[in-house]
Structure formats: structure tokens, C-alpha cells
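Per my numbering, the sequence shown starts with residue 121, numbered consecutively.
Ideal Cβ placement from N, Cα and C applies to all residues, glycine included.
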Amino acid sequence: MLCLAPLARAGAHLMGARITRRVLADGRGICTWLPSLFSGLPRGATFNARSARHSSASTAANQNTPSYSYVIVGAGSAGCVLANRLSEDAHESVLLLEAGPKDMLLGSVRLSWKIHMPAALTYNLCDDKYNWHYHTLPQAHMDERVMYWPRGRVWGGSSSLNAMVYIRGHAEDYDRWQREGAQGWDYQHCLPYFRKAQSHELGEDRYRGGSGPLRVSRGKTNHPLHQAFIEAGQQAGYPFTQDMNGLQQEGLGWMDMTVHKGKRWSTASAYLRPVLSRPNLTAEVRCLTTRVLFEGKRAVGVEYTQNGQKKKVFADKEVILSGGAINSPQLLMLSGVGNANDLKPFGYGATAHLGEWRFIRGVPASPTPRHPFHFLPSQVIDHGACPQDGGLPGFTWANEKHRVLPCVQALAGMIFAQQAFQPLPRARAQPGRGVQTAPRSDAFRAAQADCA
Ligand SMILES: Cc1cc2nc3c(=O)[nH]c(=O)nc-3n(C[C@H](O)[C@H](O)[C@H](O)COP(=O)(O)OP(=O)(O)OC[C@H]3O[C@@H](n4cnc5c(N)ncnc54)[C@H](O)[C@@H]3O)c2cc1C
């Protein structure tokens, strides 16, 4: 059995993605991702390899090769949770393979401050020490710019690099998934799991958890610009909300953060490091998984490289791919699972042809609030990354200018024009009053907009 662990929330923006780059090289050259690869796997999809066609790369288990009940690829947000929960059962053995290093100082049990100190957020976005450091292809709708696309490559994965904002997403999105066929993913079904995962510093209620491993605290700031933003939003006609993950999600309010006692609370902190002493859990680092091994129609293990050596490991029960929204589909392609037409030009035979699924559907006009709007009183260019020489490939903005961005830009303009901002010293505002017409606004966004 082959499972795709819950794909990243960030995956919501992957529609129509086209990626090349920073290849998980397996000696067979570069792998180019094509839109159709992303065209199908619903979030949290479970792909049962039993339905796959026979692999030409089929591998028989060899007696000297280690085997575990579960082999998990990727110790990121999803992988750490899975490693913890699956190893709760002492009868099962779990192997967790991570391409990056531990989230600690080299050779020490001390945590890396660059990861665990929230204010150090942008440090890891400047280099590829803990970061896959992806870049996109030139984007047609973004002035042909190459966009920077960071992803975590370390224990905790992107939760060790991210901005620590705790937002579950709108309840209606979950209900829509259920309506569209993802049985069991409606909000009422997911809520007990959100609560089980969480320990909110404000205590439990109908929506918040009080005793889970994921520590969440209410954002704390006395910055006058934050206060002005919330006031201005109300002056613009939006409600104040006490809890954007609670009953009333629409409105402006203070964010919840995966921060505990001043430290980042990644999934490695919440789920992995506390259970490392379990004898049935093995967590390996600097192991790049390069291929899923199939026996007939069944995924039976993976091949990976560690210290320059190629190794194999087998799973009696499941191979779980939790390498993130970019790497898991890539690993499937490297294993011959994907659209046969996409794989052929790169010399990969198709183990399983996935046809023309859709990864995430386009966003039709929605009756519910769709845009999480974060206010940050600083200017961040390129995620704070240092400028790069040369361009590397990435993903396509699916004609964003016709959808979300104009709406968000108009909303920002309306909020910043409110009375609450008037007493504050005037900084140079972009795009400024001169950029009011649609063509000039489009040009501004194409030149300046970025994504997370
Ligand atoms: C800069 C940034 C800011 C963000 N800010 C927020 C935020 O504030 N709030 C929020 O909710 N979300 C945020 N996100 C998104 C969020 O962090 C991700 O959606 C989430 O962490 C993805 O979880 P995942 O388990 O799918 O993948 P990841 O957490 O990325 O984990 C994947 C892991 O698999 C490993 N891996 C991949 N391929 C292989 C392989 N072949 N072999 C072995 N290991 C492999 C990777 O190294 C990584 O450790 C942000 C993301 C980034 C990058």
C-alpha cells in the first residue's frame, strides 16, 4: 500500500503548477514536472498502489534488506505526526526517512536557534541549509519573473521554516471537499482531530484543544500598526473576530501562532523529538529517497541514498509519502507513477498511469470568505531571501491576475484608506494613488507580487 500523507495547505496554490529544478537526482537526469502531475490528487488522498499497473522496476524483497511495518518518507509537518501516531503501537515498527538534517546544532542536543527562535524566521530563507530552495520557471503573468519558493528540508520540514501562523482554513472549504467526494473530510469530521492535536494557551473550548502536542499561542504584539489595521478593517465594514479558527472565521483579529514560551513549535518539537526514545521508531536523517519500489501492483519499499550509498528498505504494511506538495508527486514520477505521457520523454516507464485527475480545482465564485489576509508591519521581498544569480524553474501562476490578487489589492487599499491609519506617520505607500487603473494595477502586481 502506498499512501500520500495529507498534502500541504500550501498545495492550495499549486493548481496548474509546472516545476523543474533542484531535482532529486537519481542518476537519470532531470525530472520536469508538468501540469498534469498536479492534476488530480485531492488533499489527503490515499493512493492505493494495489490498483496500479505492474512496474517494470519491480523489486523483490531480499532477505538482507531491512523491513519495517511502515516506511515514512519525509519528516515534515505530516511525517512527524505519522511517525508519532504509528509508533504508539509497540507492535509496529516505523522508519522515518528525512532528506535533510536534524533541527539541532550539528553534533549537539541543543536546538538550532536559527530554526527555533521565531524572530530568526528569515535566516533559513536565505540559503539551502534547511531549505530545498526551489525557484519557479519564468512566470508569464508575473513579468516573466522567476519566483522563489522555499520548502523545508530538515526535521519538521516546512513547519521548521514557516511563518508559524496557525490557521485551519475555512470550515466551508472542508465541507466542499466532502461534497466533491472526499468522504470524511467535512469540518465536523475534522474538528475533533484539530482539537486532539492542539494545546491552545487560552485553554480548550468547542473549537480549541487543550491537551494536544501542538502548542499554539495567541499572537502578541503592541505594534501600533497592528492595532490600526484591526481598527481600520472594522471601519471598512468587516467584523472583529475573537478567534479566526473558531465559530466566526470571517473578520479581522489576532492570529494564533505555533509558538510556545517564545519558541517555534514545529511538528518536530510537537511530535517527533518527544518520542525518539521509542524502540520501535527509527528516524534517519540525510536520506534522500529516490524511488518507491513495487512488487507487482503493490508498493513494498523505497530506495534511498545515505552517505553516497544506495540503500533499500521494505515495508510490511505501508509506504507513506509525506515529502510535501512538491516532492511527493515528484517521487511518484521518479517511480513511474504519473501521467504516462509526461514520464515517457524522460525515460520513465509508467508503473501506474494516473490519468487526468485534478489536484486542486480552480476557485469559482464563492459564498464564503476565501482570502486569508495577513498584515505584517515590515517589507519582505522574496521571502527575505538574498538575491540569486541565475533562474531556476518552478510553477505557473494560473492567471492569478484575473482572480485573487486584484481583489486582495483592492481590499488592502480600502483598509489603508480608513481613519485609523490617518494619524500615523505616512510612509511611502505602494502602489500609491497613481496606480488606480486596472492596467497599471495589473502591471504593479506582475512586477511586485510574491507568493508563500
Ligand atoms: C516560508 C514558508 C512560510 C510558511 N508559512 C506558513 C504559515 O505561517 N502557516 C501555515 O499554516 N503554513 C505555512 N507554510 C506552509 C506549511 O509550512 C506547509 O504547508 C506544511 O509545512 C507542509 O507540510 P508537509 O508535511 O506537506 O511538507 P513539509 O513540511 O515540507 O515536509 C516534507 C519533508 O519531506 C522531506 N522530503 C521531501 N522529499 C524527500 C525525499 N525524497 N526523501 C526524503 N525526505 C524528503 C523534506 O525535506 C521535508 O522535511 C509556510 C511554508 C513556507 C515554506
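(message) Nearer than 7 Å: is that true of the beta carbon of residue 443 relative to any heavy atom of ligand 1?
(response) For ligand 1, at least one heavy atom lies less than 7 Å from the Cβ of residue 443.
(request) Return helix, strand or coil for residue 192, following the three-state DSSP convention. (result) strand
(message) Judging by CA-CA distance, which residue of 229, 242, 306, 193 is the nearest neighbour of residue 501?
(response) 242
(request) Can you grab the Cα-Cα spacing for the pair residue 570 / residue 489, in whole Å? (result) 21 Å
(request) Could you tell me which of 459, 545, 536 sits nearest to residue 357, measuring between CA atoms? (result) 536
(request) Kindly indicate the opening and closing residues of the beta strand (DSSP E) around residue 217. (result) Here the beta strand (DSSP E) through residue 217 covers 214-217.
(message) For residue 322, which residues in the same chain have their Cβ closer than 8 Å to its Cβ, ignoring the five residues on either side in sequence?
(response) 328, 338
(request) Could you check what DSSP says for residue 533 in three-state terms: helix, strand or coil? (result) In the structure shown, residue 533 adopts helical secondary structure according to DSSP, grouped into three states.
(message) Can you tell me whether residue 211 is buried or exposed? The criterion is at least 16 other CB atoms within 10 Å of its CB, across all chains shown.
(response) exposed
(request) State whether the region 200-211 contacts the region 386-406, with contact taken as three or more CB pairs (one from each stretch) at a distance under 8 Å. (result) Result yes; three or more Cβ-Cβ pairs closer than 8 Å.
(request) Pick helix, strand or coil for residue 244, following the three-state DSSP scheme. (result) helix
(message) Going by beta-carbon coordinates alone, are residue 333 and residue 390 separated by less than 8 Å?
(response) With contacts defined as CB atoms closer than 8 Å, residue 333 and residue 390 qualify as a contacting pair.
(request) Kindly indicate which three-state DSSP category residue 298 falls into: helix, strand or coil? (result) helix
(request) With a threshold of 7 Å, establish whether the CB of residue 270 neighbours any heavy atom of ligand 2. (result) Absence of ligand 2 is noted for the structure shown, with ligand 1 being the only ligands found.
(message) When you measure from the CB of residue 287 to every non-hydrogen atom of ligand 1, does any distance come out below 7 Å?
(response) The nearest non-hydrogen atom of ligand 1 is less than 7 Å from the C-beta of residue 287.
(message) Using a Cβ-Cβ cutoff of less than 8 Å, which residues in the same chain neighbour residue 402 once the five nearest sequence positions on both sides are dropped?
(response) 188, 213, 214, 215, 216
(request) Take residue 608 as the anchor and find which of 436, 193, 530, 412 has the nearest alpha-carbon. (result) No answer is possible for residue 608: it lies beyond the span of the chain, which begins at 121 and ends at 572.
(request) Compare the Cα-Cα distances from residue 192 to each of 202, 185, 186 and report the closest residue. (result) 202
(message) Looking at ligand 1, does it come within less than 7 Å of residue 334, judged from the CB to the closest heavy atom?
(response) no
(message) Would the region 376-389 count as touching the region 404-419 if we require 3 or more Cβ pairs under 8 Å?
(response) no
(message) Please report the straight-line C-alpha distance between residue 160 and residue 540, rounded to a whole angstrom.
(response) Caution applies to residue 160, whose pLDDT of 29 falls short of 50 and renders its modelled position unreliable; the model cannot decide the point.
(message) Strictly by DSSP, which residues pair up with residue 266?
(response) None; residue 266 has no bridge partner.
(request) Take residue 561 and list the residues in its own chain whose beta-carbon comes closer than 8 Å to its own, dropping the five residues that flank it on each side. (result) 526, 529, 551, 555
(request) State the Cα-Cα distance for the pair residue 394 and residue 206, rounded to the nearest angstrom. (result) Annotation: residue 394 to residue 206 spans about 14 Å, alpha carbon to alpha carbon.
(message) Applying the 10 Å Cβ sphere with the 16-neighbour rule, what's the burial state of residue 233?
(response) exposed
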